[in-house]
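Its first residue numbered 0, the sequence shown is counted upward by one per residue in numbering that gives the first Met the number 0. Even glycine gets a Cβ: it sits at the ideal position worked out from N, Cα and C. Please read these numbers as outputs of a predicted model, since none were measured by experiment. The structure appears below as structure tokens.
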Amino acid sequence: MGGMTEQLGLEGMPTRLFSCTPSRLTTWLDCPRRYRMTYLDRPSPQKGPPWAHNTVGAAVHLALARWWAEPRARRTPVVARGLVDSGWRTDGFADSAQADRWRLRAGDMVERYVATLDPADEPVGVERTVAVRTGSLAVSGRIDRVDQRGDELVVVDYKTGRSVLTTDDARGSLALALYALAGRRTLRRDCRRVELHHLPSGQVVGFDHTDQSLARHLSRAEAIGAEAVAAAEALLAGGDADALFPARVGPRCGWCDLARACPQGRAAAGPLRRPWDGLADELDQPAAS
Ligand code: SF4
Numbered sequence: 000m001g002g003m004t005e006q007l008g009l010e011g012m013p014t015r016l017f018s019c020t021p022s023r024l025t026t027w028l029d030c031p032r033r034y035r036m037t038y039l040d041r042p043s044p045q046k047g048p049p050w051a052h053n054t055v056g057a058a059v060h061l062a063l064a065r066w067w068a069e070p071r072a073r074r075t076p077v078v079a080r081g082l083v084d085s086g087w088r089t090d091g092f093a094d095s096a097q098a099d100r101w102r103l104r105a106g107d108m109v110e111r112y113v114a115t116l117d118p119a120d121e122p123v124g125v126e127r128t129v130a131v132r133t134g135s136l137a138v139s140g141r142i143d144r145v146d147q148r149g150d151e152l153v154v155v156d157y158k159t160g161r162s163v164l165t166t167d168d169a170r171g172s173l174a175l176a177l178y179a180l181a182g183r184r185t186l187r188r189d190c191r192r193v194e195l196h197h198l199p200s201g202q203v204v205g206f207d208h209t210d211q212s213l214a215r216h217l218s219r220a221e222a223i224g225a226e227a228v229a230a231a232e233a234l235l236a237g238g239d240a241d242a243l244f245p246a247r248v249g250p251r252c253g254w255c256d257l258a259r260a261c262p263q264g265r266a267a268a269g270p271l272r273r274p275w276d277g278l279a280d281e282l283d284q285p286a287a288s
């Protein structure tokens, strides 16, 4: 699983490209140890149990994708709620009462959100896979939704977490910038606007990239990829895994699926979080309204 593919360069010399997703690159940035355990170690270390907040996120994403697959006349808020219900899973919740409460909340979120959409405004892509090659990277990823506005494409990413978002989140996101570049390449239309749609609040934050800001993200992605490749090659050559892929302990260790296999992170994170601890406001939410 080296993630390398070969391509003939202009000179006819094979150039090795690093095949990756945006999240592979950001995992390297967040924690090289986690990167190694996720992408290189085989067999993969055992993950912790599923998180309830991820179950909510997956249900919302699935319902929104299926909503666009419905015939136009059925693209209504009520149908959207029904899609949350029919795709609902209970992984990670404390009990069925909590799962039910969150099914209703997720239904509320999706119903409210699609009420703001024009069902006739067909997206260019829904869960669309896009890809772009650079001198050293072959990046691919899946965009939640690609809209067309005027002559340009817009990258839309749904967010369901508790944190409130700012324009900086849209501007600074390496993943969104790479999606814009890959969307441009795969769909052959200009694409510079990226948007985060925060379902719990209905907030939309966006950023209009320029060629320069996209180029900056791209060179950052290439630098990250080069670091990750160099570390993997040094490991293959017999280097020390812990030195090449240091554990970067921090608050995120409490949410790391691989903390059980990582003594340093486990020590830093303190007691393991419960699978439903990532649900926002769970304690003071008597019920969805
Ligand atoms: S527990 Fe923390 S240090 Fe360990 S792999 Fe996960 S994020 Fe990295």
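So, under 8 Å CB-CB, residue i and residue j are touching, yes? Tell me the CB distance rounded to an integer number of Å.
{"i": "Trp50", "j": "Val125", "result": "The Cβ separation is near 25 Å, so there is no contact."}
{"i": "Arg132", "j": "Leu16", "result": "6 Å"}
{"i": "Leu217", "j": "Leu243", "result": "About 25 Å; that fails the 8 Å criterion."}
{"i": "Ala105", "j": "Val59", "result": "5 Å"}
{"i": "Ala230", "j": "Pro31", "result": "7 Å"}
{"i": "Ala137", "j": "Pro21", "result": "Incorrect: roughly 12 Å between the Cβ atoms, too far for contact."}
{"i": "Arg272", "j": "Gly253", "result": "5 Å"}
{"i": "Ser164", "j": "His197", "result": "Before going on, a small fix: residue 164 reads as Leu here, not Ser. That belief holds up - the Cβ atoms of Leu164 and His197 are roughly 5 Å apart, short of 8 Å."}
{"i": "Arg251", "j": "Arg259", "result": "Their Cβ separation, rounded to whole angstroms, is 15 Å, which puts Arg251 and Arg259 out of contact at 8 Å."}
{"i": "Ala57", "j": "Ser135", "result": "That pair is no contact at about 32 Å."}
{"i": "Arg80", "j": "Val55", "result": "Actually they do not touch by this definition, with Cβ atoms about 14 Å apart."}
{"i": "Cys255", "j": "Arg41", "result": "Not confirmed; about 19 Å, so no contact."}
{"i": "Asp189", "j": "Asp239", "result": "Rounded, the Cβ-Cβ distance is 46 Å, inconsistent with contact."}
{"i": "Met36", "j": "Leu257", "result": "5 Å"}
Note the first and the last residue of the continuous beta strand (DSSP E) segment covering residue i.
{"i": "Val154", "result": "151 to 158"}
{"i": "Leu136", "result": "136 to 148"}
{"i": "Arg192", "result": "190 to 197"}
Which one of the options has the shortest CA to CA distance from residue i?
{"i": "Arg335", "options": "Tyr34, Leu152, His216, Val203", "result": "Absent from the structure is residue 335, since the part of the chain shown begins at 0 and ends at 288."}
{"i": "Lys158", "options": "Leu61, Ser135, Pro250, Pro48", "result": "Leu61"}
{"i": "Asp107", "options": "Ser139, Asp143, Leu63", "result": "Leu63"}
{"i": "Leu24", "options": "Ala114, Pro274, Pro122, Ser139", "result": "Ser139"}
{"i": "Arg73", "options": "Asp99, Pro118, Pro42, Ser43", "result": "Pro118"}
{"i": "Val248", "options": "Thr115, Leu198, Ser200, Cys261", "result": "Cys261"}
{"i": "Leu39", "options": "Val228, Ala222, Gly86, Leu278", "result": "Val228"}
{"i": "Asp146", "options": "Ala114, Gly182, Lys46, Thr166", "result": "Gly182"}
{"i": "Val154", "options": "Gly47, Glu226, Tyr178", "result": "Tyr178"}
{"i": "Ala169", "options": "Pro42, Cys19, Val203", "result": "Val203"}
{"i": "Arg192", "options": "Ser212, Gly56, Glu121, Pro199", "result": "Ser212"}
{"i": "His52", "options": "Pro199, Arg71, Thr4", "result": "Pro199"}
{"i": "Asp276", "options": "Trp27, Arg259, Gly160, Val113", "result": "Gly160"}
{"i": "Ser172", "options": "Phe206, Asp94, Arg148", "result": "Phe206"}
{"i": "Glu121", "options": "Arg71, Pro245, Leu103", "result": "Arg71"}
{"i": "Met3", "options": "Ala267, Glu232, Ala279", "result": "Glu232"}
{"i": "Ser85", "options": "Asp99, Ala93, Phe92, Asp94", "result": "Asp99"}
{"i": "Glu69", "options": "Ser95, Val113, Asp90", "result": "Val113"}
For the alpha helix (DSSP H) containing residue i, name the first residue and the last one.
{"i": "Gly224", "result": "210 to 235"}
{"i": "Thr185", "result": "173 to 186"}
{"i": "Ala130", "result": "Unbroken run through Ala130 is the beta strand (DSSP E), 124 to 132; no alpha helix (DSSP H)."}
{"i": "Gly264", "result": "262 to 268"}
{"i": "Val55", "result": "51 to 68"}
{"i": "Asp207", "result": "No alpha helix (DSSP H) holds Asp207; the beta strand (DSSP E) holding it covers 202 to 207."}
{"i": "Arg23", "result": "21 to 29"}
{"i": "Ala290", "result": "Residue 290 cannot be examined here, being either before or after the span of the chain that is shown, 0 to 288."}
Determine, for residue i, whether the minimum Cβ-Cβ distance to residues of chain B falls below 8 Å.
{"i": "Gly277", "result": "Within the model displayed, chain B is absent; a lone protein chain is all it includes."}
Is residue i near the ligand ADP, in the sense that its beta carbon is under 7 Å from a heavy atom of that ligand?
{"i": "Gly269", "result": "As presented, the structure is devoid of the ligand ADP, carrying the ligand SF4 as its sole ligands."}
(request) Quick one: which unbroken alpha helix (DSSP H) runs of 4-plus residues sit fully inside the stretch 84 to 119? Chain order, please. (result) As far as the stretch 84 to 119 is concerned, its whole alpha helix (DSSP H) runs of at least 4 residues are 95 to 113.
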